[in-house]
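Numbering-wise (our numbering), the sequence shown opens with residue -12 and increments by one. Glycine included, C-beta positions come from ideal geometry on N, C-alpha and C. Taking it in order: structure first as C-alpha cells, then the write-up.
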Amino acid sequence: MSHLRCAARIAAYAIVLLLAAVWLTGALVSLQQPFLDLGKPHVGDAILRFAGILALSPDGIMRLANMLVGLKLMIGIYLLAGLVLAVYTRMRWQEEGDELIDVALYLSAIATIVAASPVLAEHVGLQTVVGELLLCAMASGLLMFGRAAPVPATPPVSELPIPA
C-alpha cells in the first residue's frame, strides 16, 4: 500500500505543478498585452463593469487590471512554493508537509470560479473552469490518499485494563 500512496503523492505533485504552470503562464500572457486583461472580450467587459461599480478613474481601472494580473501571478507562485516546500520537507525530514498545497488548491479553485465567471456562458469557458476544478479536486484527493494512515495511539501501561 505504501507504493500506491507514494504514486498518488507524486501524481498530486505533478497536477499541482501543472496548475502552477497554468496560473503563471496566464499571468505572463496578460502582462504582455498592452491593456492586460482589459482587451479580452468578456473578461475586459466584466472588469470595466466592476470598475464602474467602484467609480474608478481610467488610472484606477488600469491599477485594478494590474492587481488582477498580480493575483494570478501570486496564486501560481503560491502553488509552486507549496509544492517545493512539500517536496523539501519530505526529502529532508521524511515528514508530510502538504498543508500549504491544500490551501493553495483551495485558493486556486476559488480563483478559477471567480476568474471564469464572465465567460461561463460560453461553451469553451465552461470547459476551462471544469477542467481546472477537476484538476484541483483530483490533486486534493490524491494528496489525501497519499498521506499515511493515522496510527492509533496506544494507551500508557498504567491505563491498560488489568485482567481479573
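> How would you label THR99, buried or exposed, when you count the other beta carbons within 10 angstroms and need 16 or more for buried?
Replying inline: To locate residue 99, count along the sequence shown from 1; it is residue 112. Buried: at least 16 other Cβ atoms inside 10 Å.
> GLY84 by DSSP, collapsed to three states: which one?
Replying inline: For the purposes of this step, residue 84 is identified with residue 97 of the sequence shown, where counting begins at 1. Looking at GLY84 - three-state DSSP - the assignment turns out to be coil, as it is neither helix nor strand.
>> With H, G and I counted as helix, E and B as strand and the rest as coil, what does DSSP make of LEU43?
In response: Working through the sequence shown from its first residue, we reach residue 43 at position 56. DSSP places LEU43 in coil when its eight states are reduced to three.
>> Just to check my reading of the structure: VAL84 and ALA73 have Cβ atoms closer than 8 Å, yes? What is that Cβ distance to the nearest angstrom?
In response: Here residue 84 refers to the residue found at position 97 of the sequence shown. Here residue 73 refers to the residue found at position 86 of the sequence shown. Here the sequence assigns Gly to residue 84, which means Val is not the residue at that position. Right, the Cβ-Cβ distance comes to about 5 Å (below 8 Å), so this counts as a contact.
> Thinking C-alpha only, which one of GLY69, ALA38, HIS(-10) is nearest LEU54?
Replying inline: As a working mapping, residue 54 is identified with position 67 in the sequence shown. A quick correction: the sequence has Met, not Leu, at residue 54. The shortest Cα separation from MET54 among GLY69, ALA38, HIS(-10) belongs to ALA38.
>> Just to check my reading of the structure: ILE64 and LEU130 have Cβ atoms closer than 8 Å, yes? What is that Cβ distance to the nearest angstrom?
In response: Here residue 64 refers to the residue found at position 77 when the sequence shown is read from its first residue. Here residue 130 refers to the residue found at position 143 when the sequence shown is read from its first residue. Actually they do not touch by this definition, with Cβ atoms about 19 Å apart.
> Thinking C-beta only, is LEU6 closer than 9 Å to SER95?
Replying inline: Here residue 95 is taken as the residue at index 108 of the sequence shown, counted from 1. Here residue 6 is taken as the residue at index 19 of the sequence shown, counted from 1. Their beta carbons are under 9 Å apart, which means SER95 touches LEU6 by this criterion.
>> Suppose you measure from the CA of LEU42 to the CA of VAL101; what does that come to, to the nearest Å?
In response: Within the sequence shown, numbered from 1, the residue matching residue 42 stands at position 55. Within the sequence shown, numbered from 1, the residue matching residue 101 stands at position 114. For the sequence presented, residue 42 should be read as Ala rather than Leu. Near 21 Å, if we compare the C-alpha coordinates of VAL101 and ALA42.
>> Less than 6 Å between C-beta atoms, sequence neighbours within five positions excluded: which residues of the same chain meet that for TRP10?
In response: In the sequence shown, residue 10 corresponds to position 23, counting from 1. Closer than 6 Å at the Cβ level, and outside the excluded window around TRP10, lie LYS59, ILE62, GLY63.
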